[in-house]
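Peer 1: Here's a structure for you.
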Amino acid sequence: MSNDVEWEQGQEQVHLDLLYGHLDEMRERAQARLRETRLSRGSTHQAMSERDSMSALLADQIERYDAVENGLCFGRIDGFDGTTRYIGRIGLYDEKSGEHIPLLTDWRAPASRPFYLATAASPEGVQRRRHIRTRGRKVTDLDDEVLDLDVANVTAGKTLSGLAGEATLMAAIKAKRTGRMSDIVETIQAEQDVVIRSDLGGALVVQGGPGTGKTAVALHRAAYLLYTFRELLETRAVLIVGPNDTFLRYISQVLPSLAETGVLLCTVGDLFPGVTARREEPAVVAEIKGRLTFTDILRKALDDRQRQPTKRIPIEIDRDGNRETLYLEPGEARRARNLARATKKPHNAARAAFEKEIVEALTTKIAERIGDDPFADITRAAFESGRKDDFANAEDIGNNVLDQSDIAEIRKSLAKEPEVLAVCDWLWPVLTPQQLVAGLYASPERLDKAAPQLTGSERAALRRDPRGGWTAADVPLLDEAAELLDGDKPVSDEFVIEERERLARREYAEGALQILEGSRSLDDEEDPEYLAATDLIDAADLGERQRVRSHVTAAQRAAADRSWAFGHIIVDEAQELSPMAWRLLMRRCPSRSLTLVGDVAQTGDLSGAASWETTLRPYVENRWRLAELTVNYRTPAEIMAVAAGVLADIDPTMSPPRSVRETGVPPWAERIDPVKLTDRLVDAVRQETAEAGDGRVGVLVPAGRVADLGAAVASAIGGTAVGAGADLVSPVVVLTVKQAKGLEFDSVLLVEPDEIVKGSPRGASDLYVALTRATQRLGILHTKPLPPAVRL
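The sequence shown begins at 1 in the UniProt record's numbering and counts up one residue at a time.
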């Protein structure tokens, strides 16, 4: 290392030490305030609430300071005007001078943007861009780009492939995988930066082939939006939807490393509060459930639960200690159903109107029966004798005259009658979404009535025992059912519990106020100036003052509330969503502020998107923007050349993304005897593990072979993880192609590609995904001929 380079690194180390010193001071101050706050005692509920709020705020600050410990400062730009600006994960300022001097600029701030966009042709006022590489709190390397070609030598300011910070970028690309995605904040390229900083409003589609950094861009966009629109998005939350749990674990560390911890990450299977959908089902069944026709099927299934009797229903009631039977006629039940439907309310909310009409019909019957009672003659004679003033508020029902209060008493009594309620439950049951959907699956008769548009085999495929849990394709149906049953009413267990607690607090407060009222002296009652407790506060307010509020983030509240409207939603692998899943997501985001990341060439689900235009038209018409990522940072050119043949087979009009590097290691394929496949696979895994060193090896197999081949590899090679629950930090992971979506490995072994292609109507897309998961090496083991599109 030359003396000049040593001196430069020493200078950067001095500044880095200064930055970490400020970070430590801020963290220590926050920790001290947190300890002090937690030790304080609030004398009132309001004081305790304020204490808890401050504690939550300080704990969040400390978490953010801890999250940016690694890679705090990674860049510097020197302007033509002599100014210097350091770029990092958060903003830091010199507060002691009293001038709020910036020591480190947050990478999301507008002032940092030239670090990502400046080129020799368009320097954005930047004379030199410096990438600062660190390990822990020590500067390890510097990478300079001089953008002033008049000052630099003939090659200065130029980078291979037009990449900014090429040396730093290549070092990141070639680094061993760890089983967790890393952020790319140090190496964001210009086309990625444009997407990340795109406006909040509207729907943005980010289309990009394998290895273009779509997922990383989406996560950095979430961090950017939270920084830029924090006041709005922290209260409404940002939702990130991924394809599976393995993927979510893979990306889980990215946002915390960017100092953002308040984002909700989940799969479609997690988007109905109280349900965690992990049950497996055939792809053809999931496709049926994903069709928009299920909106009509669920409506008809609900109509079927609003029963219409064909004969009179006997109802035995207790009246004045005697049992008697009333009969509800089919016409009366039909009238009640029609009136309830006419309210246009969701099913459960309309139950009150239905029940009211049934009670009214039965009240009329009792009143008429009273009119036939011989003792009623006395009342009739009094009425006819001329003492009509005594009956000015009476109703003439049948042969009898009853006072309004008598009628009201009959209604009240019937409304509580168990037999009446039981009949109402049978005719118009209060249902949960789970009951409606599970009941549909469990009954061939209900399926036949609700889904005549499906074929007999399709209806048979939907038949299922309600036990065993829910699938991801069920969740949009549960959400649709909730709309029909409850509308915007939250259906989570947390909501029900909170409502019960509110009512309990109010009941307790009413009791307390009654005690205070009862303790007044008689003299006080004669004093009109006397103020009672009830004059100052009612039971509802008093109950709420006793509420102990929990301080959870907007993301945590959103996870428990089906009716929550998110400030922004980001969907990764968005091309895999079914039409019914899109309906669910659009309900969660009325503003249509969306970032949709995907590649239609990689669509594997049968109900997934064939084009963005067709998918989005029902929700935003043509009001969406398209951004394309064209550079492949992950997949080497040698591997991408093989994948390009498969892409041409999927859609000849599509072009593969341009790879930025070659490794000099060509992909290989080996055909072997079927009997020897397992042994050869184990040997190949050992070889690739040795080549990968500290990196990760992915073994991608047909869905029907993951159990046996995964068990064979796991028994021979310690630490191997298998299947959907696999931990990607394991050195070897055996997965299906669907489970590997969005993931990457240093080395990939692909087994039986012909089976993968033939295993699904979109098998070519699955093969394209499998071929593009490797960052360094690709090997193929097969017992049958390779698909024609795979040319080595």
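Yeah, the Cβ is synthetic: ideal placement off N, Cα and C, and Gly gets one too.
(1) If you draw a straight line from the C-alpha of A259 to the C-alpha of L436, how long is it?
(2) With distances taken Cα to Cα, identify the nearest neighbour of V769 among G468, G211, A555 and M26.
(3) Which of the three DSSP states, helix, strand or coil, is assigned to V713?
(4) Span of the beta strand (DSSP E) holding L735?
(5) On a Cα-Cα basis, can you pick out the residue from S257, R249, P243 and G262 that is closest to T235?
(6) Determine, using beta carbons only, whether N632 and P656 come nearer to each other than 9 Å.
(7) Straight-line CA distance for Q404 to K365?
(8) Against chain D, with Cβ distances strictly below 9 Å, would S593 count as a contact?
(9) Check whether the segment 607-627 touches the segment 201-215, counting contact only when three or more Cβ pairs, one atom from each stretch, lie closer than 8 Å.
(10) Just the Cα atoms here: how many angstroms apart are R197 and L225?
(11) Considering only residues of the segment 600-676, which uninterrupted beta strand (DSSP E) runs meet the minimum length of 3 residues and lie entirely inside it, listed in chain order?
(12) Quick one: what's R319 bridged to in DSSP?
(13) I'd like the list of long-range same chain contacts for L142, defined as Cβ closer than 8 Å, with 5 residues on each side in sequence excluded.
(14) Taking the alpha-carbon of V732 as reference, which of L292, Q739, A740 and A721 has the nearest alpha-carbon?
(15) Where does I397 sit, in a helix, a strand or coil, going by DSSP?
(16) Decide if S385 is buried, meaning its Cβ has at least 16 other Cβ atoms within 10 Å, or exposed.
(17) Drop a sphere of 10 angstroms on the beta-carbon of P330, count the other beta-carbons inside from all chains shown, and report buried for 16 or more, exposed for fewer.
(18) Identify, in the order they occur along the chain, each residue of the same chain with its Cβ nearer than 7 Å to the Cβ of R658, setting aside the five sequence neighbours on each side.
(19) Can you give me the start and stop residues for the beta strand (DSSP E) that A422 sits inside?
(20) Is there contact between the segment 267-277 and the segment 576-588, where contact requires at least three CB pairs shorter than 8 Å?
(21) Enumerate in chain order the residues of its own chain whose CB-to-CB distance from F354 is below 6 Å, with the five nearest sequence positions on each side excluded.
(22) Please state the DSSP three-state secondary structure of A774.
(23) Which residue comes first and which comes last in the alpha helix (DSSP H) that contains S257?
(24) Can you check whether the CB of D651 is closer than 9 Å to the CB of A601?
(25) In angstroms, rounded to a whole number, what distance separates the CA positions of residue 852 and R463?
(26) Is the number of C-beta pairs between the segment 584-598 and the segment 209-223 that are closer than 8 Å three or more?
(27) Is DSSP giving T155 helix, strand or coil here?
(28) Indicate whether the contact test is met: 3 or more Cβ pairs, each with one atom in the segment 58-73 and one in the segment 20-40, closer than 8 Å.
(29) Can you give me the C-alpha to C-alpha distance between T84 and Q127, rounded to a whole angstrom?
(30) Taking the alpha-carbon positions, what's the E613 to V620 distance?
(31) Helix, strand or coil: how does DSSP classify Q308 here?
(32) Could you please give the first and the last residue of the uninterrupted alpha helix (DSSP H) stretch that includes K214?
(33) Have a look at A712 and T432 and give me their C-alpha separation to the nearest angstrom.
(34) Assign I87 to one of three DSSP states: helix, strand, or coil.
(35) CB I184 to CB A218, shorter than 9 Å?
(36) Compare the beta carbon distance of V238 and I315 with 9 Å and say whether it is the shorter of the two.
Peer 2: On the basis of the coordinates in this document:
(1) 43 Å
(2) G211
(3) helix
(4) V732 to T736
(5) G262
(6) yes
(7) 15 Å
(8) The chain labelled as chain D is not found in the depicted structure, where only one protein chain is given.
(9) yes
(10) 8 Å
(11) 624-629 and 668-671
(12) N322
(13) V5, E8, Q9, E12, R130, H131, I132 and R133
(14) A721
(15) Low local confidence applies: a pLDDT of 44 at I397 is under 50, so the model's placement there is unreliable, with the coordinate-based value given in what follows. Residue state, collapsed to three classes: strand.
(16) Residue placement at S385 is flagged as unreliable, the pLDDT there being 48, under the threshold of 50; the coordinate-derived value follows with that caveat. Under this definition S385 is an exposed residue.
(17) exposed
(18) T630, V631 and N632
(19) Taken as a continuous stretch (DSSP letters only), A422 belongs to no beta strand (DSSP E), being part of the alpha helix (DSSP H) at P418 to L427.
(20) yes
(21) A336, A340 and W428
(22) strand
(23) V254 to S257
(24) yes
(25) Examination of residue 852 is not possible in this model, given that the chain is present from 1 through 792 alone.
(26) yes
(27) Residue confidence is low: T155 scores 38 on pLDDT, short of 50, so the model does not pin down where it sits. Its coordinate-derived value is still stated next. Coil at T155, not helix or strand.
(28) yes
(29) 10 Å
(30) 10 Å
(31) coil
(32) K214 to T228
(33) 44 Å
(34) strand
(35) no
(36) no
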